[in-house]
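Undergrad: Letter by letter, the sequence shown follows residues 343 to 497 of our numbering.
Virtual Cβ for every residue (Gly too), placed ideally from N, Cα, C.
Just dropping this structure here.
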Amino acid sequence: MREPGWIAQVLISVITDKDKFDTIETSLNQLIDKNSDLVMDTIEESVNYYNRNQQLVFGAFLIVAIIVVCFSLINLVNTTITNFLSRKQEIGMLQAIGLSKKQLIRMLCYEGMIYSLFAVLVTLILGVGLGILCIQIMRFIKSIIFSIHSHGRLY
343 MREPGWIAQV
353 LISVITDKDK
363 FDTIETSLNQ
373 LIDKNSDLVM
383 DTIEESVNYY
393 NRNQQLVFGA
403 FLIVAIIVVC
413 FSLINLVNTT
423 ITNFLSRKQE
433 IGMLQAIGLS
443 KKQLIRMLCY
453 EGMIYSLFAV
463 LVTLILGVGL
473 GILCIQIMRF
483 IKSIIFSIHS
493 HGRLY
């Protein structure tokens, strides 16, 4: 006899041919219906569960990424405008000694491209590194959740 308060958990794994799957699943469901202490999860249910969770996490990361891109673009425009306004006197001197409007536009475009190229390089380097780190963390968390979810279930 067990002492009161103890819970026994047993994991039973059933492997079968595809043509016998429906018959065995029906038999197991009948057995489980007779005993409320038994629970059955199939591999298909577990895969669907984790796919839904993965899509939810992906959607959340996608929303965060879109917000970050929007703020980055706003920051780029703000930096460019602030840079231009703070250099107004310098640009005026350059125009006074013969800088044409076409040359000024070209100079500002090159500066913007260099700034953007630097930002893209830093983003790629940090993004790839952090992306790999996030994938490793998600795999670790997924393995923990899968072991917790499948522990004590009837398969």
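Quick check: what's the CA-CA separation for Ile-439 versus Gln-431?
TA: Their Cα atoms are separated by approximately 13 Å.
Undergrad: Would the beta-carbon of Thr-422 fall within 8 Å of that of Gly-401?
TA: No, these two residues do not count as a Cβ contact at 8 Å.
Undergrad: Is the separation between the beta-carbon of Tyr-392 and that of Lys-484 shorter than 8 Å?
TA: The answer is yes: Cβ separation under 8 Å.
Undergrad: From Glu-367, Val-352 and Ile-405, pick the residue whose C-alpha is nearest to that of Asp-379; which is it?
TA: If we check each option's Cα against that of Asp-379, Val-352 comes out closest.
Undergrad: Can you tell me whether Ile-439 is helix, strand or coil according to DSSP?
TA: It is coil, neither helix nor strand.
Undergrad: Alpha carbon to alpha carbon, how far is Ser-428 from Leu-466?
TA: Looking at the two C-alpha atoms, the distance is approximately 29 Å.
Undergrad: Express the C-alpha separation of Val-406 and Leu-436 in angstroms, rounding to a whole number.
TA: Answer to the nearest angstrom: the Cα atoms are 42 Å apart.
Undergrad: Give me, in chain order, the residues of the same chain whose beta-carbon lies closer than 8 Å to that of Ile-374; leave out the 5 immediate sequence neighbours on both sides.
TA: The residues are Leu-380, Val-381, Met-382 and Leu-496.
Undergrad: Pop quiz: Phe-426 and Leu-459 are said to be a contact at Cβ under 8 Å. What is the actual Cβ separation, rounded to whole angstroms?
TA: About 19 Å separates the two Cβ atoms, so there is no contact after all.
Undergrad: At which residues does the alpha helix (DSSP H) containing Lys-360 begin and terminate?
TA: Element bounds for Lys-360: n/a, residue is neither H nor E.
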